[in-house]
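Participant: Protein chains in written order, with the working numbering: chain A, 2 to 252; chain B, 2 to 252; chain C, 2 to 252; chain D, 2 to 252; chain E, 2 to 252; chain F, 2 to 252; chain G, 2 to 252; chain H, 2 to 252.
Glycine included, every Cβ here is placed at the ideal spot set by N, Cα and C.
There's a structure below that I have some questions on.
8 protein chains.
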Amino acid sequence: MDTMEILNAVKEGRMTPEQAELKLRTQPYEDLGFVKIDHHRALRQGMQEVIYGASKTPEQILGICQAMDHKGDNNILITRMKPEAAELLQQHMDLFYDPLSRVGIVNRSFKDTGDGVIAVVSGGTSDQPVCEEAALTAEVFGNRVERIYDVGVAGLHRLLSRLDDVMSANVIIAVAGMEGALVSVVGGLVSAPVVAVPTSVGYGANFGGVSALLNMLNSCASGVGVVNIDNGFGAAVLASRINHMGGHKKA
Amino acid sequence: MDTMEILNAVKEGRMTPEQAELKLRTQPYEDLGFVKIDHHRALRQGMQEVIYGASKTPEQILGICQAMDHKGDNNILITRMKPEAAELLQQHMDLFYDPLSRVGIVNRSFKDTGDGVIAVVSGGTSDQPVCEEAALTAEVFGNRVERIYDVGVAGLHRLLSRLDDVMSANVIIAVAGMEGALVSVVGGLVSAPVVAVPTSVGYGANFGGVSALLNMLNSCASGVGVVNIDNGFGAAVLASRINHMGGHKKA
Amino acid sequence: MDTMEILNAVKEGRMTPEQAELKLRTQPYEDLGFVKIDHHRALRQGMQEVIYGASKTPEQILGICQAMDHKGDNNILITRMKPEAAELLQQHMDLFYDPLSRVGIVNRSFKDTGDGVIAVVSGGTSDQPVCEEAALTAEVFGNRVERIYDVGVAGLHRLLSRLDDVMSANVIIAVAGMEGALVSVVGGLVSAPVVAVPTSVGYGANFGGVSALLNMLNSCASGVGVVNIDNGFGAAVLASRINHMGGHKKA
Amino acid sequence: MDTMEILNAVKEGRMTPEQAELKLRTQPYEDLGFVKIDHHRALRQGMQEVIYGASKTPEQILGICQAMDHKGDNNILITRMKPEAAELLQQHMDLFYDPLSRVGIVNRSFKDTGDGVIAVVSGGTSDQPVCEEAALTAEVFGNRVERIYDVGVAGLHRLLSRLDDVMSANVIIAVAGMEGALVSVVGGLVSAPVVAVPTSVGYGANFGGVSALLNMLNSCASGVGVVNIDNGFGAAVLASRINHMGGHKKA
Amino acid sequence: MDTMEILNAVKEGRMTPEQAELKLRTQPYEDLGFVKIDHHRALRQGMQEVIYGASKTPEQILGICQAMDHKGDNNILITRMKPEAAELLQQHMDLFYDPLSRVGIVNRSFKDTGDGVIAVVSGGTSDQPVCEEAALTAEVFGNRVERIYDVGVAGLHRLLSRLDDVMSANVIIAVAGMEGALVSVVGGLVSAPVVAVPTSVGYGANFGGVSALLNMLNSCASGVGVVNIDNGFGAAVLASRINHMGGHKKA
Amino acid sequence: MDTMEILNAVKEGRMTPEQAELKLRTQPYEDLGFVKIDHHRALRQGMQEVIYGASKTPEQILGICQAMDHKGDNNILITRMKPEAAELLQQHMDLFYDPLSRVGIVNRSFKDTGDGVIAVVSGGTSDQPVCEEAALTAEVFGNRVERIYDVGVAGLHRLLSRLDDVMSANVIIAVAGMEGALVSVVGGLVSAPVVAVPTSVGYGANFGGVSALLNMLNSCASGVGVVNIDNGFGAAVLASRINHMGGHKKA
Amino acid sequence: MDTMEILNAVKEGRMTPEQAELKLRTQPYEDLGFVKIDHHRALRQGMQEVIYGASKTPEQILGICQAMDHKGDNNILITRMKPEAAELLQQHMDLFYDPLSRVGIVNRSFKDTGDGVIAVVSGGTSDQPVCEEAALTAEVFGNRVERIYDVGVAGLHRLLSRLDDVMSANVIIAVAGMEGALVSVVGGLVSAPVVAVPTSVGYGANFGGVSALLNMLNSCASGVGVVNIDNGFGAAVLASRINHMGGHKKA
Amino acid sequence: MDTMEILNAVKEGRMTPEQAELKLRTQPYEDLGFVKIDHHRALRQGMQEVIYGASKTPEQILGICQAMDHKGDNNILITRMKPEAAELLQQHMDLFYDPLSRVGIVNRSFKDTGDGVIAVVSGGTSDQPVCEEAALTAEVFGNRVERIYDVGVAGLHRLLSRLDDVMSANVIIAVAGMEGALVSVVGGLVSAPVVAVPTSVGYGANFGGVSALLNMLNSCASGVGVVNIDNGFGAAVLASRINHMGGHKKA
C-alpha cells in the first residue's frame, strides 16, 4: 500500500487521518521509495541476499538456505563457507561447493543477462581462490565469465597470447597479489573498465596485500577501480553492475 | 600498411622477404593491433592525450596545446595546471580555466555521448577542487554531469532531499575526505556503480587521505570501486567508460 | 584515622609528633583523599573491581570471586572469560555467562540507577561480541540498555525505522567494524553524546580495526568520543559515567 | 505543516491526494522529524552553525557573519581563523579573536547553562593553542571552564597541587602531545568523564600526534573518550553535551 | 618456424597470406624473440622452471617433477617444500631435501659455471633457513658457494677473522634479521656487488623484517641491492646472474 | 701470546718473521685487544655467553650447558626456554626454571657485585613475564633486584605508597604495555637512570607494543633509555652495566 | 616548613589542628619529599631548569634568562634556539651560541663533576647538529666530552683507528641517521653503556628517522638504550646521570 | 710499510719490539689490508670520493673540489648540488652541471671501462631527475649509458618498440615512481641483472615512494635488486660494479 493509496483512503473516508499517520510513521521509508529500490535491484540484477558464511554456524546457514529455498529462490550464494558447513548442506539440499574459493551455491542455475563477457585475469595459481570467488559470484549474478589465470606480467608473452580474450571482454576483473603490475599492463591495453582486486598472497614486504593495493591505486593506467584486499565478491558485484548497464540482454 | 598488405606484397613479389621482415620488425606492434587500439579508443571515447600540468612549464604546455590545436583538436584537457600557465595560454588560445580544481580546457565544446548522467556527490565545500576535477574531466569526455556537493552524512536530511538526483544517475562519483562514510551510505541507496575518490582534506588522524581511503575500501556497500587519493581525473575516466557502455547515445 | 584526627591526637598529647609523622608517611595518600576517591566512586557508580579474565586461570578467577562473594558483593563482572573458567565457576557460584562476548557476572542483580537509556547500536551480527560486552557491562553498572543491532548504513532504511529508539537514548554506544560510517550517520542524527567503538571485524585493508578507528576519529559529526578497538567494556564505563551525571535516579 | 495537517486537509477536501503526495515527497524528512532535530539541538545547546575558517577567504567569513548578525545571532564561532580574516572582521563587527588558537567569536556573550565546570588540563605551554580552542568553544556553548595548563606528569607534584580543581570538575578535557600519559593519570584520579585530545606537538617518533593518540586509546584508565588529533573544537562539543545532561542550570 | 621462414614460404607460394597472417597472429611474440629469450636464458644460466612448493599439494609437486624428470631435467628446484611433500617424493625420485630451508632438489648434480664464488654471509644461526635457501639455489644455478654464517657485527672480530673469504668473493649475499647492520659493514669492506636479504627473524619492533629491510635500503655503503624479506631464492637468482656476467667459465 | 711477545720472539730468533706474520694474520684481532675486551668484560661483569633458547632444540641447549658446566661455569642463563627443554635439563643438571618468563639458570648462585639496587617496576600482572626476564637476568649478572609490580599510573596512590623503594633504587627498569605512561611518571620522580621496556601486552590499537614504545620514546621525562618491545633481557644488561659503574662492591 | 615543624607547632599550641590541616592540604607534596627531590637533583647534577627555545619568542627567552641570571645561575641552557633569539640575547648577556645545533648557553662555565668521559660518536657530518646538542648539553651538566664524528661503519678502518678513545669512554652516545648500524658495531666493541640517538637525516625509506630508530631498537648488541629521534638533549641527560653514578669526582 | 717489513726490521735489529708494537698499534688496519682495499677500489673502478652536495655550502664544495683538482683528479662528482653552488664553481673551475638532477661534474672526461651498456629505463618525464642522477653517475664511473625514458607499462607498445635496446643491455637500471610495474615487466623480459629505483614522484597513496618500493620488492620477476627511494646514485654504483665484473674492457 503506497502513499497515494493511503491518501485516497483518507480522502474517501476509508481511513482516518490518525490511522494514516500511523501507517506513514511505521513504514516511513516506503513513501521514500526505499523498499522499491530493493525490489528493483533484485529484479534487475537477479541479486538477492547473500550469506556471508565466515561468521555463521553450519546449522545457521542451513536454516537460512532452507527458508530461501521454500520461497523458491535459486542461485543462493554463500561466500567464505567452511567445508563442514558444505558437508551439512549437501545432505539436505542441492549445493554446488568450490572448496578452493569456499563459495557455495544452492539451486545453481545459470542465466546470462549481461551485456557481454566479464574476464577474470590473474598471474598465478596462488591467487585462484580469490579469482574463483569473483568468477562464481559473477556467474550467480547472470554474467558470462572468461577465466584467464596464467598471464603474469613477468612472462609478458603469455598475456599477449591471450590478448584477444582480454580485449574483447566487456569488463575486466584483474586479480593480483605480489604481481600488482598486472593491473597497469592490462589497464593500458584495454578500453573496458577494470576492477582491480589486490590479494594477500605473498610474503615479506607484501604486508598482507598492502603492496598490491598501493600499486593498483597508483596505477598509471586510467579507468581502474580498486576493491578491498581479497574481496573477489565485491569486485564481481561491481563488474556485474557495469556489465548490466547497456541492458542489451534484457530486451 | 598492415600485416595482410605486407604478406600480399611478398606474395606478389612487390616486396622481398627481407624488406618485409624489416617492416615487421621496426613496427612490431602494428600487426598486433596496438595502434589500432589507440585509434579505436580515441574514436569511441572522444579521449585524446591529456596533459598533466603539474610537471610542465607554461611554455611547454602552450607548445603542446598549439600543436594539438593545429591538428584541429577540441577539448584539450590540462589537469593540475598552475595559474601562471593559465595566464600564458589565455593570451594565445581559447582557454577555459577553473582556478579551484586547476583544470584547463582548450577549445572547450561539450557534446553528450554518454548513456546517462554522472552524478558527482560530496559532503562539503572543501572537497570541491577534487569534485570539479572529476566533473570537468567527465564533461570533456562527453558525459552530462550533475553536481551534488552538499550531502554529507552527518546531515542525512540533505542527502535524502537530493535522493532523486542521486538515484537517477547512471554512474556516481562519490568524493569524500574525512567523511568517507558518504560512500557506504550512497552505495547502499543506489543500484548504479559507484566510483569512490578519497581526498586528502582534513587534519590529524586523517593522515593525508588514508582514513577516507581505508573506509572506502572497507565499505559494506557492494558495487564500489576506489581510485587514488585526490584522483578526480582517474575517477572521471572510469565513470566515463562505464557511462559509455550501453552505446545508447552513439546511435 | 584521618589527618584531623592525627593532628588532634598530637594537640592533646595522645600522639607524639614523631608517631604522627610516621603515620602520615606510611599512609601518605590517605590525607590526600585518594582512598576516599575510590570509596566515593564505588558508592556513586556501583562500580567495584572488575576482573580481566584473559590473563587469569579458572582457579584464580574462582578464588577472587569467592572472596568478593563473602564480602557480599553483587554484580561481580568478569570480562574476556574463557569457557573453561565459566564451567568451573558455574559449579560453585551463581554465574551468568554469555559465551559470545565472554562476559561473566556473579550474583547478577540489575538495578537501574541511570538518568536514561544507553542505546548500543551496530550494523551487523559479526560485531555482536563487542556489542554484548558493552551492553552487559553497562547493565552491571546500573544502566538500562536498548540493543539496536541491525542498523548498518548500507541499508539506511533499517536505521531510519529505529530512529525513535536511537533519538530517545540518553547516551549512544556505536559499535562498528568495517562499517565505521555508522558513527557519522548516528552522530549527525542525535544530540546525545556518542561513544564510538571500532571493532577488529573484517579483513584485508581493515587492518584489524584501524580502518574503523580512523574513520571514527575523523567523523564529521561532533560530539563523538572514541575508545580502543574492541573495547566494549571501556565504552560502557564511559557511557555509564555520562548516564549518571544528572543524578535523576539517585534521588 | 506536518503530516497530520496534510492528512486532515486531504480528509476535509482542502487538498487533493496528488497535492498531498507532492508535499510529502518534496519535504520527505519533515515528517521524520529531521528539521525538528536541528531546531531542538539549537535551542537546547545554544549551538548554531560553526564556521570552519581554514578553507574560507576573509570576505566569505565576513559575509556569513554579517548575515548571522542580521538575524540577531550572538556567539558566532569561527575556528582556525587566519589573522588576516580577523583584521578584516574587526573593522566591521564586534569580534573577539585569540591569535594563539585562531578562534574568533562575534558578539561574544557568555551565559552559563551547564551542570558544572569543564576543566581543560594540559602539561605544557606548547599545547596551549589546542587547549584554548577547546576552552573558548566550550564557553561559547555555555559552559564554565577552568584552565589548568601546567600539570605535566613528569612533574607530578604540580598535578597533585591542582587536584581539588581537577577532581571537582564535571567533565575533563585532557590535552596532551608527547605527554599522552596525562590522560591515564587524570583518568585514574577522577570519576568524571574524560575527553582526551592528542596534539601534534612534538618531534621525531611523535609522528604528528600518533604517539599521543595511541597512548590515549590504550589508556588503562576507564571512562576516557578520544577525539582526533588537535581537535579541540570536537572535544569541547562532546564535553558540552555531557555537561548539559543533568539540565540543572536550565531550570 | 620464424618470421623469415614464413615470409619465404609466402613468397614461394607454399603458404597463403591468410595462413601466414594466422600463423603470425596466433604466435605473435615468436617473431619478437620472446620464446628465444626463454630458451636463451635456460641455456645460459642452467635455469629452468622453479617449483614454488608453498601452495601445492605433495601430489601436484610429484606430478610436475616426474614430468620434468621424463624430459631428462636435472637440478629440479622446489622451494618452500613441506616435509610431507619431501616424504612422498623421496619414495619415487632421487630427492635431496634440506628440512631447515625447505629446499628440495631432484636429480641434484652440481656444475660450476660461474665466474667466481658467491659468499653467503650472516650473523646468527636463526637466519640459517634463509641463508640455505639462497645457498642451495645458487648452487643449483651453477655457482660455487662459500657459507660464512657466524659474522654478526656485534662481534666484529669474528667478521674480521673471515675477512679474506668475504673479500675474495665475486658476489656477496648478506642475510640479516635484526642485525641489518651487517650489510653496511660488509658493503664498506668489499668492492664486489652485495645482494641484501632482510629476514623476519626477531621480535618486537622488528616488525616481521621491516627493521632490517629499512636499514638495508638506507645503508650508507654503496653497491647494495635489496630483495624482499626472507627471499633467499630471489637473492640467489640475482647473485647468479651477476656471477655469470664475465662468462669466464663458459669458455 | 700477545703482540709484544711475538715481536720479542722474532727479535730473539725464536720465531721467524713468516711464523709471526701468520700468527698475526690468523688472530688479527688479538693484537687489537678484541679478545681482551671479551675477557675483561667477563671478569668485570660476571657476564658469560647467554643462550637464546627460542631457536634451539632441548638437546642443543643441554649440550651447550653441559660443556659450560664442565668448564665450571655458574649462573648459565637461558632465555626464552620452552618447558620441554626445561624438563630435559632438570633430569641432568641443577636447573632453576621460571615458567612465566621462560628463564632458565643452571648452577644458580647469587653474588651481589653492583653499586646499589635495581628496581623493576610495572603496572600490572600481565607484564610479569617480561618483568621476570629482566629481574632474573639482572640477578644473574650480580645485581640486587627490588620487584615493584603493582604501581600502574591509573591508581596513582599505589605508586606513591611504594615511592621510597622507587626513589632509593640506583637504576630503574620500567616495564609497561598499554600503560606506557608509567615511564613518564617514574622518570619525573627519580634522579636515577630509567631503562624503559615496552611490552606487547594489550589489544587493539596497542599494535603489539608500538603504542607503549612510542609513548616511552616521547616521554617528557629526561633520563630515559628505551629497549626493544618485550626485551627484558636487554634492559637488564643495560641496567647492570649502569649499576656496576661505581665499582663500590668490587673493592 | 616541613611536616615535623608543623606537628611540633601543633603540639606546642602555636598552630591549631585546623591551621595545620590546611597547611598540609595546600602543600600536600611537601611532606612527600617532592620538593626535596627537585632540590636534591639540582644539587647533585648541577641541573637546573632547561629552556626549550623552539616555542618561545626571543623576548620570552631573554626574560627567563635575565631572571635566572639575577639569581646567580650559571650554565643556563637553551635548546632549539633560533638565530634571532641568539642575536637579541647577545646584546644583553654573556651568551655562547652554536648555530649548527642551535644550542645557547648563558654564563657558560665548565666544571668536570663526572666519573669519566662521555664519547659522542657518529658516522657523518650531517648528524653533527644532533651530536653537538648532545655534546654541549653533556658539558653543561658537568661531563667531559670526547667528540668522535667520523667513524661510519661503511669505513670500518676509521672507527678502528679511534678504538682507544671509544673503548676508554665511561658512557657512549652513538648518533646515527641512515647509518644506524653504528650502534650495533660500537655496542659490540665496548662494555660501557651506550645511549643511541637516531636522527632524521637521510631521505626516502629513511622515513624521517624511523629506519635508524628501528635498527637501534633491534640492535643485536646488548647494553643499549634508545632515545627519541633527534633528541640529543635527552641522550645527554641520560648519559650524564650514568656518568655521575660513581660519585668519584664529587669527593 | 707492511707487517712483513716491520717484522723483518725487528728481526734484523733495525727496529725495537717497542717501536714495532707502536707502529702496529697506530696503523692497526694497515696489516689487515684496509687501506689497500680503498686503493684497489679506486684503481679498479675509477671511483674516488663523491661529494654529497645537499649538506654543504657552496664554499665548502668549492674548497674540496679545488683540493682534488690540484691532485689532478678528473670526473669529480657532486650529487644533490644546489644551483647557487653550481654558479660559484662555474666561475672557478671546469664544471658540468645538470640542473634537473642537480648533478655536477668537475673536469668531466668520459672513458668507457665497462663490459657493456647500462640501460636506464623509466616510464615518464617526471622521473627524469632520478634517471639522470643514475645515468650521469654511471658515466662518471666509466660506463656507457643508454637512456630509455618513455617506456611506461600502461603504453606497452612503447616499451616493445625499444625492446632491442633493453634486451641488449648488460645491466638495467629501472626507475619508476607510481608505475613500479615497469620493474616486473622489464625483469621478465631480460636476462640481465636489474637494479630497481623507486621514486617519490606521485601523490596520494603513493606515500612518497613507498608504493613503488613495495611493488619492486614484491616483483614476481627474479634477478632484481632494489635501492632506496630516489637513490639514483646508489643504483649507478651497483650497476657499475656489475658492469665491470667481466673485466673485458680493462684488458
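Please name the residues in the region 151-182 of chain B whose beta-carbon is closer than 7 angstroms to at least one beta-carbon of chain C, in chain order.
Facilitator: Of all residues in the region 151-182 of chain B, G153, V154, A155, G156, L157, M179, E180, G181, A182 have a Cβ within less than 7 angstroms of some Cβ in chain C.
Participant: Would M94 (chain A) and G54 (chain A) qualify as a contact pair, given that the criterion is a beta-carbon distance under 8 angstroms?
Facilitator: Cβ atoms of M94 (chain A) and G54 (chain A): not closer than 8 angstroms.
Participant: How long is the line joining the alpha carbons of R109 (chain H) and V195 (chain A), rounded to whole angstroms?
Facilitator: R109 (chain H) and V195 (chain A): Cα-Cα distance of roughly 49 angstroms.
Participant: Which class does V184 (chain E) belong to by DSSP, given the choice of helix, strand or coil?
Facilitator: In the structure shown, V184 (chain E) sits in a helix (DSSP, three-state: H, G or I).
Participant: To the nearest angstrom, how far is the alpha carbon of A155 (chain F) from that of A213 (chain F)?
Facilitator: Distance between the alpha carbons of A155 (chain F) and A213 (chain F): 15 angstroms.
Participant: For chain A, find out if any of its Cβ atoms is closer than 8 angstroms to the Cβ of G224 (chain H); answer yes or no.
Facilitator: No, no contact with chain A.
Participant: Spell out a yes or no on whether the region 176-196 of chain B and the region 170-177 of chain C are touching, meaning 3 or more CB-CB pairs, one atom from each, closer than 8 angstroms.
Facilitator: Result no; under three Cβ-Cβ pairs closer than 8 angstroms.
Participant: Of all the CB atoms in chain B, is at least one closer than 8 angstroms to the CB of L1 (chain A)?
Facilitator: Here chain A comprises residues numbered 2 to 252, so residue 1 (chain A) is not present and cannot be evaluated.
Participant: Is the shortest distance between the beta-carbon of V211 (chain G) and the beta-carbons of chain C less than 8 angstroms?
Facilitator: Not an interface residue.
Participant: Mark T138 (chain H) as exposed unless 16 or more other C-beta atoms lie within 10 angstroms of its C-beta, in which case mark it buried.
Facilitator: T138 (chain H) should be labelled buried.
Participant: Sort H:Y98, H:A222, H:N144, H:G224 by Cα distance to D116 (chain H) and report the nearest one.
Facilitator: Looking at the Cα atoms, H:N144 is the closest of the given residues.
Participant: Under 8 angstroms, Cβ to Cβ, is there at least one residue of chain A near L190 (chain E)?
Facilitator: For L190 (chain E), the answer is no, since every Cβ of chain A falls outside 8 angstroms of its Cβ.
Participant: Whose CA, out of B:M217, B:E134, B:D165, B:G203, lies closest to the CA of G235 (chain B)?
Facilitator: The shortest C-alpha separation from G235 (chain B) is found at B:E134.
Participant: Give the straight-line distance between the Cα atoms of E88 (chain C) and D99 (chain C), rounded to the nearest whole angstrom.
Facilitator: Distance between the alpha carbons of E88 (chain C) and D99 (chain C): 12 angstroms.
Participant: Is any beta-carbon of chain C found at less than 8 angstroms from that of V146 (chain B)?
Facilitator: So no, V146 (chain B) is outside the interface.
Participant: From V11 (chain C) to E19 (chain G), what does the alpha carbon distance come to, in whole angstroms?
Facilitator: If I take the Cα positions, the gap works out to 12 angstroms.
Participant: In or out: E50 (chain D) buried (at least 16 other Cβ within 10 Å) or exposed?
Facilitator: Flag for E50 (chain D) reads exposed.
Participant: Report whether the distance from the Cβ of A206 (chain G) to the nearest heavy atom of the ligand GTP is below 7 angstroms.
Facilitator: The ligand GTP is not part of this structure, which contains no ligands at all.
Participant: I'd like the span of the alpha helix (DSSP H) that includes R15 (chain B), first residue to last.
Facilitator: Unbroken run through R15 (chain B): none, as it is neither H nor E.
Participant: Which same chain residues, not among the five before or five after M246 (chain E), have their C-beta less than 8 angstroms away from its C-beta?
Facilitator: So the list reads D116, once near-sequence residues are dropped.
Participant: Fully enclosed by the region 79-107 of chain G, which beta strand (DSSP E) runs are 3 residues long or longer?
Facilitator: The qualifying runs are 96-99, 104-107.
Participant: According to the neighbour-count rule (16 or more other Cβ atoms, all chains shown, within 10 Å of its Cβ), is K57 (chain E) buried or exposed?
Facilitator: When all chains shown are included, K57 (chain E) counts as buried.
Participant: M5 (chain A): buried (16+ other C-beta within 10 angstroms of its C-beta) or exposed?
Facilitator: Flag for M5 (chain A) reads exposed.
Participant: Identify, in the order they occur along the chain, each residue of the same chain with its Cβ nearer than 7 angstroms to the Cβ of C66 (chain A), setting aside the five sequence neighbours on each side.
Facilitator: Only I77, L90, M94, V107 meet the Cβ criterion.
Participant: Under 8 angstroms: do the region 202-210 of chain G and the region 215-224 of chain E share three or more Cβ pairs, one atom per stretch?
Facilitator: As far as the Cβ criterion goes, the region 202-210 of chain G touches the region 215-224 of chain E, which means the pair count is three or higher.
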